[in-house]
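Q: One structure, as structure tokens, below. Some questions next.
Number of protein chains: 2
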Amino acid sequence: MSVCSYIQIRGSGLKTAKDLCECRVIHEDKVTKARKTSLSPEITEKLCQTFKALGDNTRLKILWALEKEEMCVCDLAAMLDVTESAVSHQLRLLRTLRLVTNRREGTILYYSLADMHVSQLVQVALEHVQE
Amino acid sequence: MSVCSYIQIRGSGLKTAKDLCECRVIHEDKVTKARKTSLSPEITEKLCQTFKALGDNTRLKILWALEKEEMCVCDLAAMLDVTESAVSHQLRLLRTLRLVTNRREGTILYYSLADMHVSQLVQVALEHVQE
DNA sequence: TGAATATATGAACAAACGCTCATATAGTAA
DNA sequence: TTACTATATGAGCGTTTGTTCATATATTCA
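Heads up: the sequence lines are chains A and B, in that order.
Heads up: the first sequence runs through residues 22 to 152, numbered per my numbering.
Heads up: the second sequence runs through residues 22 to 152, numbered per my numbering.
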């Protein structure tokens, strides 16, 4: 796909492909360099999903709680004032991204953070918003 | 609002408020403790928005590029293959969250990262997804 | 002044998201 | 086995999000 396929041309009516490529690129070197140092689509997508997972009120509260101590689904649901179903759905997402793990004790599943990364991310973000 | 207002009761038809509160809380101490150590709604919301800002493909690519060097709107648009309008909208969001700043040189606005936090966040998240 | 350029903004719309409800599954105990 | 509990899953639905298009604003220069 052409670099400029989607560049918006002010006041343009119907344009040919050639016209569409008469786009503005002020610093072609910067664009080229940025494209070369860009992350792979796969890594970008994974990064994105990780941040997106943290970018939801319910999930963030879940992670914040699990940072303190492991909890089961129904306790989290009670704490958050949402259905256990909602919590279960969110935990599945967090599990898929390897942000949380669980251990079983009878019928109860205790969830906890999978590693230190979540804590570190929240810590840095906290610094940012509190400045 | 009651702690249990929204807890899903399996097979429940119409229930009174009292019935709805016959919910399952396995570890009441954990729930109470988690509620006490929870972040304020304001901080939670800000944290959330910050992560949400990073949790989008376009914005993440913008931030990744700006980490290397400052760029203007139209260059970012060319790099990302989206309209300048789209970039401008996203930059406004990032500006609002104090993740990026800009400096003017004539009619051109050069955008760059506002502080180290974005870099730190991306670094930690990268470690997580690459493990 | 007026034209040209770079960016910002508002409306509209398709796609993605998070919730609830209903139901299914897994483990425990009678 | 059957009953009960804790969790998981799929469908449906209203809300949010990210994009484009059209237009507005701001700066420079003739």
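Positions of the beta carbon are idealized from the N, C-alpha and C atoms, including for glycine.
1) Could you tell me the distance, in whole angstroms, from the CA atom of A:P62 to the CA atom of B:L81?
2) Compare the C-beta of A:R56 against all C-beta atoms of chain B and say whether one is closer than 8 Å.
3) For a cutoff of 8 Å on Cβ pairs, would you count B:E148 as touching chain A?
4) In the structure shown, what three-state DSSP assignment does A:M137 receive?
5) Is B:T117 close to chain A, meaning its C-beta is less than 8 Å from at least one C-beta of that chain?
6) Counting pairs of beta carbons, one from the segment 113 to 120 of chain A and one from the segment 101 to 121 of chain B, are three or more of them closer than 8 Å?
7) Please identify the residue among A:L68, A:L84, A:A74 and A:E66 whose C-alpha is closest to the C-alpha of A:S133.
8) What does the alpha-carbon distance come out to for the pair A:V121 and A:A135?
9) Do you know offhand how far B:E88's Cα is from B:E148's?
10) Say whether chain B places a C-beta atom closer than 8 Å to the C-beta of A:L81.
11) Between B:H138 and chain A, is there a C-beta pair that is closer than 8 Å?
12) For B:H48 and chain A, any beta-carbon pair shorter than 8 Å?
13) How is the alpha helix (DSSP H) around B:V108 delimited, first residue to last?
14) Give a yes or no on whether the minimum CB-CB distance between A:N78 and chain B is below 8 Å.
A: So, from the listed chains and residues:
1) Between A:P62 and B:L81, the C-alpha separation is close to 11 Å.
2) Interface residue, yes.
3) By this cut-off, B:E148 is an interface position.
4) In this structure, A:M137 counts as coil in the three-state DSSP scheme.
5) Chain A contact via Cβ: absent.
6) Contact check between the segment 113 to 120 of chain A and the segment 101 to 121 of chain B: fewer than three CB pairs, one atom from each, fall below 8 Å, which does not count as touching.
7) Taking only the C-alpha atoms, the option nearest A:S133 is A:L84.
8) Cα to Cα, the separation comes out at about 4 Å.
9) B:E88 and B:E148 have their C-alpha atoms spaced approximately 17 Å apart.
10) Yes, because at least one Cβ of chain B sits closer than 8 Å to the Cβ of A:L81.
11) Yes, B:H138 counts as interfacial toward chain A.
12) Closer than 8 Å: yes.
13) In the DSSP assignment, B:V108 falls within the unbroken alpha helix (DSSP H) covering E105 to T117.
14) Yes, A:N78 lies at the interface with chain B (some Cβ there is under 8 Å from its Cβ).
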